[in-house]
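If you read the sequences in order, they're chains A and B. Under the working numbering, the letters of the first sequence match residues 713 to 1181, in that order. Under the working numbering, the letters of the second sequence match residues 1464 to 2213, in that order. So the structure is just underneath, and the comments pick up after that.
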Amino acid sequence: MIQFILNNKIIKTSANSGMTLLDFIRENEQLKGTKIGCREGDCGACTVLVGTLNKNKISYKSITSCISPLGNANGKHIVTIEGLNLAQDLNFVQKSLSDNHATQCGFCTPGFAVSLTDYALTKSNKNIETGHDAISGNICRCTGYKSIEEAVKDITEKLAFKDADHQIKWLIDENFIPNYFIEIPKKLNDLKVPELISSNGTIVANGTDLFVQFADKFSEEKIQLIGEDPSLKGIAFSDNICTIGASTTVTEILENDKLRILFPKLKSFLKLVSSQQIRNMGTLGGNFVNASPIGDMSIFFLALNSTLKIKHNNGTTREIPLSEFHQNYKKYDLQDGELITAVSFLIPDKNTFFNFEKVSKRTHLDIASVNTAGKITIDNNIIIDAYFSLGGVAAIPKFLVKTNDFLRGKIIDIELIKQAEKVLQLEISPISDVRGTADYKRLLARQLFFAHFIEFFPNQIKFQNLINN
Amino acid sequence: MKNIDSFGHLRGESLFVDDIITRHDTLFGLVFDSPKAHGKIISVDYAKAEEVKGVVKIFTCNDILGENQIGGIIPDEPLWAENEVHFIGQPIAFIVAESEVIAKKARALIHIEIEELPVIITAKEAKEKGNFINPSRSFKLGDTENSFLKCDYVFEGETFSNGQEHLYLETQGSYAVPMENGNIKITSSTQGPTIVQKTVAKVLGVSMHKIEVDVIRLGGAFGGKEDQATAWAVMTAVAVQHLKKPVKYVLNRHDDLRMTGKRHPYESTFKIGLTKDLKIQAFEVDFLQNSGAAADLSPAIAERTLFHATNSYFIPNVMTTVYSCKTNLPPNTAFRGFGGPQGMFVIESAIAKAANEIGVNKRLIQEANLIAENDEFYYGQIATQVEAQKSWFASKEKYNLEKLEKEVEIFNKDNSQFKKGISLMPIAFGISFTNTPMNHARALIHIYQDGSVGVSTGAVEMGQSVNTKMLQVAFNTLGIDPSKVKLETTNTTRVANTSPTAASATADLNGKAVLQACNSLVDRLKLVASKMLSVKENDIIFKEDFVFINNKKSNLSWEKVVAKAMLERVALSENAHYATPIIHFDKTKEKGHPFSYHVYGTAITTTTVDCLRGTYEVNAVQIVHDFGKSMNLGIDIGQVEGGLAQGIGWMTMEEIVYNENGQLLSNTLSSYKVPDVFSVPKEIDVIPLETEGNDMAILKSKAVGEPPLMYGIGTYFAIQNAVAAFNPNYKPKFHSPFTPEKVLMSLYEN
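This is the structure in structure tokens:
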């Protein structure tokens, strides 16, 4: 039995937990405002909000319901566009979009309205940038977005006055959301929803990869949901080690204060990773076992020289370096019954620099042509340690062992970087595909490798010195 | 006035095909399509699929009682393949089952054997092998051969513009329901309800009056649902004809991407000749249109390419030829601009090439050749009320081009990693269906006895807000509050024999019909009111829901006049027909006056290229656009911005990729990228050109759907200029889209 609140209605259903939330909303509940655009999380027409109760406080996130398993709604408050409608008038977000002519054909519109309500509901700073982040996963083919941007401006101006301590009440008073929201935490508490127990079937966290491929299959089969398993979540710091649970989402990493201090550019790095809706769902473990040669999180954590913690369902555990996890195309070191539980890495010290680069056809919500991360530790211009990873240039997310070895112990200068790049080229074997030709990927690998050093040492390493054009 | 659908759209209450209430016994369809791009069908084994529980019937060409033919212009496209297949995604059978999931399971169990035949992917290869859809067409003015001899400069070159996926957010779909006496009602997501009705009737072997097609609205179309919405509607109708049960088919995204045609890729070669004063004296082009495996709308699209081959320039000697090349891709089809953008890309490329070779700024050549009043478009139409130069100079002045260019120059001097580029893009786009007989429309207006009004037209609402414009025409003409007027669905039983909603002309054609109908109704009601008030008809107008006498409000309300008219047995309904006057075109001479008017404008585009990463952003597109006298500037600016974004997508990130077997590789939304909120220009500024408007346009408010897309072409050349600013060895190529890959390779080519 799956139990949750859908808008203002208590749902108790025996529907299969592998059914998509989208189909449950549209077919079982006949709520047609949530649209089917692509069923792969790439258009945002099916965006809904998920409210999670934590100590009587509820926090909301936007997700794409097309690749979200119904089972993950258990114990949550799910909000569709219908659940945001006021009795008579447009709510504030809807009105802002309407006033700015930000709806044309209307098919993507409910998704935008829901995403922008997420913007209103989250704690993030309110500025145009975070407003745009909120709709980073919403595609509109009609407007060219300028009118939507105007609406974001209006909403942002209004939200500057938000009462952060009583935000739900404020949002109700200001016509952002209907009255019933105030009752939801109590209602959810009263529901006393038991955890969903499922111990067999395909292991699924939040579905962003598997539900793109197997939604039909899962609609009829048993699946084992681990996305909400508290033992797999959380970001912990001890001594000089950071450990992140495998079911931690990209958003949870992005919102972690300590990590943001350790990686000052974390936000700009992770904004290159999919969209807000998908970051709200996509987990680290999922990205590692997806095993794509251009998996952003694999590349990111490879350069952190991370270690994976793996647990067998017989209780045994083991650890392996992430760099040894991926063995061949989509092949990795995980036996039947094993699960990645966490990833850990050494906290960078003040002499350590980290950078992440990604180039794709479209900068946001796209799969990289080439992505790369680099971590370098220096002492008086001497490289103590170097860890570079490169995606899209081999059958697996590539850990550049030889390049890293070459760099270690040497003095940083332009010539060294150029020589290291030659080593790098010998380590990689890109192929031509829909994301670019092999020649392009080689050139891009060079450029992004150079980019790391320009970003690490902006005063010392200059673009024009690396590129003799 | 806002889009009248906003309220429903924003609340998620607007209905699309997939949202309408279905009968509980509704069945679901799914196409089984060809896995090979070209071959002979040896055998298809449906046995295992038919055994799947819940599969009701699998339809093939053998189940067709009428003709197995859906080709519009040329009858060359079967609904379901018979003996041969010509593209991957070509429908072969239609599985009807109790659910879509069941149908998908069955589809996976169909086994097909195909004897493969050679596959042609490019237009060039098709031309070499003589594979054409129809004979080539040529337009001609003056004598290019002689003129080239007198030119100071002559340059030749080649261009390629790739296709483009429509990516309407709502996929194709249809819901067909059996009515009594063998009649069928179809709710379709189509731009062309009459095309659907006519084709269904033909394939089912019944008369058109047995088929009712209703269109509520489309979740985007952009040309992709002009011809290509038909097949799915016909399939559901065939199933209903046999099963007597409702059948629904809404394509999933992957099937839609794989099976439907896109904007035509064009491979073209040009020759351009200029004299020292930078006047273009002669221009020749051979356009190779990659039409795909069947005609679809390709011949009409090819024709429009010729019409726009000289864009907004006057060139005294022109010779253009277009070849519709038959390949093994899905039949390519209408897409906003309808071949016009592909034509304009070539002339802009030719000018860029000439500028680069001569060593002058491209805009000097553009400026020297803008079409002027009474010049002749090379297909014979004399240019009148020309706004080409006016919009060009207005954009230069209002946006201070000199300053912008200076800023770019200084920026490029000061920066090594980032380079900026700037370009100007003028447009002149002809309004009317180039096929003259299609330029007509009708409106049916009912005034109900309580004074409320229902308006039916042949226009299909697909986000362009045509219904809002129809409502504006109606309530303004009737002098009543907008809340009294309702726009009805587009339905073949209310408005018949319609042209598709296309060619940017729908608001003009249908709006004129609404205007006529409303005027007739007003005349009749004036007569009633004049008797009620004992005043002269001519002294009466309807305004603000009341009768005004000599511009003074009386206490006689609209409702009272209507009620009286009802008692007096005055007709409260009116049907009006509008056919565009003046226009004509003689295809035997390829000369005439095909357009009711042209839409003009100029865009200034500024881009910045990151020369380290090969990525770029569009900083600003600043436009002076000829709206005529816009009847709804908010909506019209939305069309400009949306069209521009689509044009930029076509020129930059949207890359259709087929492999050599004719398989679409950009077959998902994760591998085909359209602009998102971050990739559109940081600034889009639109200034309406000051102009009188044109009487051929509805309320002098010019058509706006397609023309702005072509401003996007400016982005290609702005990026190109930035690349050239970085790499002195760069040899300009004209091969769109200018993806980050091409940018990086260009930045570092020797």
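Note that CB positions come from ideal geometry on N, CA and C, so glycine has one too. The model shown is predicted, which means the values in this text are computed figures rather than measured ones.
Out of the options, which one is the CA nearest neighbour of residue i?
{"i": "A:K835", "options": "A:G946, A:S771, A:G957 and A:L1178", "result": "A:S771"}
{"i": "B:V1958", "options": "B:E1675, B:K1734, B:N1832 and B:H1727", "result": "B:E1675"}
{"i": "A:T842", "options": "A:V762, A:S1004, A:L1156 and A:L966", "result": "A:L966"}
{"i": "A:I973", "options": "A:H789, A:I1126 and A:P1060", "result": "A:P1060"}
{"i": "A:I938", "options": "A:N784, A:I1079 and A:Q879", "result": "A:N784"}
{"i": "A:L871", "options": "A:H878, A:L883, A:E861 and A:I860", "result": "A:L883"}
{"i": "B:K1861", "options": "B:T1699, B:T2065 and B:L1988", "result": "B:T2065"}
{"i": "A:E739", "options": "B:A1589, B:I1483 and B:N2018", "result": "B:I1483"}
{"i": "B:Q1744", "options": "B:V2084, B:P1709 and B:N1832", "result": "B:N1832"}
{"i": "A:K807", "options": "A:F888, A:A1163, A:I935 and A:Q1039", "result": "A:F888"}
{"i": "A:F893", "options": "A:P781, A:Q879 and A:V905", "result": "A:Q879"}
{"i": "B:G1682", "options": "A:K1043, A:G818, A:N968 and A:I915", "result": "A:G818"}
{"i": "B:M2208", "options": "B:R2076, B:D2008 and B:K1708", "result": "B:R2076"}
Would you mind telling me which residues of chain A sit closer than 8 Å to residue i, beta carbon to beta carbon, in chain order?
{"i": "B:M2116", "result": "K1073 and R1074"}
{"i": "B:I2098", "result": "H813"}
{"i": "B:P2203", "result": "V1071, S1072, K1073 and S1081"}
{"i": "B:E2212", "result": "Within 8 Å Cβ-Cβ: nothing; B:E2212 doesn't reach chain A, min ~10 Å."}
{"i": "B:Q1532", "result": "The contacting residues do not exist; B:Q1532 stays about 31 Å from chain A at best."}
To which residues does DSSP link residue i through a beta bridge?
{"i": "A:H789", "result": "A:I717 and A:G763"}
{"i": "A:T1019", "result": "A:P1033 and A:S1056"}
{"i": "B:H2047", "result": "B:H2056"}
{"i": "B:E1619", "result": "B:K1734"}
{"i": "A:A1085", "result": "A:F1068 and A:S1101"}
{"i": "B:F1491", "result": "B:A1560 and B:K1711"}
{"i": "B:Y2041", "result": "B:A1904"}
{"i": "A:K724", "result": "A:Q715"}
What's the C-alpha gap between residue i and residue j?
{"i": "B:K2054", "j": "B:S1497", "result": "42 Å"}
{"i": "B:F1426", "j": "B:L1996", "result": "Residue 1426 of chain B cannot be examined here, being either before or after the span of chain B that is shown, 1464 to 2213."}
{"i": "B:N1973", "j": "B:M2029", "result": "27 Å"}
{"i": "A:P1109", "j": "A:D928", "result": "29 Å"}
{"i": "B:Q1627", "j": "B:D1481", "result": "25 Å"}
{"i": "B:G1517", "j": "A:Q742", "result": "22 Å"}
{"i": "B:Y1742", "j": "B:L1612", "result": "Note on identity: in this sequence residue 1742 of chain B is Lys, with Tyr being the wrong assignment. Looking at the two C-alpha atoms, the distance is approximately 14 Å."}
{"i": "A:G823", "j": "A:T776", "result": "9 Å"}
{"i": "B:Q1912", "j": "A:E886", "result": "41 Å"}
{"i": "B:L2035", "j": "B:I1910", "result": "5 Å"}
{"i": "B:N1625", "j": "B:E2080", "result": "20 Å"}
{"i": "B:L1887", "j": "B:T2154", "result": "21 Å"}
{"i": "A:I860", "j": "B:K2194", "result": "39 Å"}
{"i": "A:E794", "j": "B:T2069", "result": "41 Å"}
Check the Cβ of residue i against every Cβ in chain A and list those closer than 7 Å, keeping chain order.
{"i": "B:H1472", "result": "T815, G818 and T821"}
{"i": "B:K2136", "result": "K1073, R1074 and D1078"}
{"i": "B:K1465", "result": "S810 and H813"}
{"i": "B:Y1631", "result": "R853"}
Would you mind telling me which residues of chain B sit closer than 7 Å to residue i, beta carbon to beta carbon, in chain order?
{"i": "A:A825", "result": "L1473"}
{"i": "A:D928", "result": "V1564 and K1567"}
For a contact meaning CB atoms closer than 8 Å, what does residue i contact in chain B?
{"i": "A:K744", "result": "G1475, L1478, D1481 and D1482"}
{"i": "A:D754", "result": "T2131, L2132 and S2133"}
{"i": "A:R991", "result": "Here the premise fails: no neighbours, minimum Cβ distance about 14 Å."}
Quick test of your reading: residue i and residue j, contact by CB under 8 Å. State the CB separation rounded to the nearest angstrom.
{"i": "B:L1572", "j": "B:V1515", "result": "7 Å"}
{"i": "B:E1579", "j": "B:G1502", "result": "4 Å"}
{"i": "A:Y1152", "j": "B:E2204", "result": "5 Å"}
Using the beta-carbon of each residue, which ones in chain A are nearer than 9 Å to residue i?
{"i": "B:M1698", "result": "Chain A residues near B:M1698: none, gap ~20 Å exceeds 9 Å."}
Name the chain B residues whose beta carbon is nearer than 9 Å to that of residue i?
{"i": "A:A1107", "result": "Going along chain B, no residue has its Cβ under 9 Å from A:A1107, so there is no contact; the nearest lies around 19 Å."}
{"i": "A:G749", "result": "L1632, E1633, T1634, G1682, R1716 and L2132"}
Can you determine whether any heavy atom of the ligand SAH sits closer than 7 Å to the C-beta of residue i, and answer yes or no?
{"i": "B:A1906", "result": "No copy of the ligand SAH appears in this structure; indeed no ligand is present at all."}
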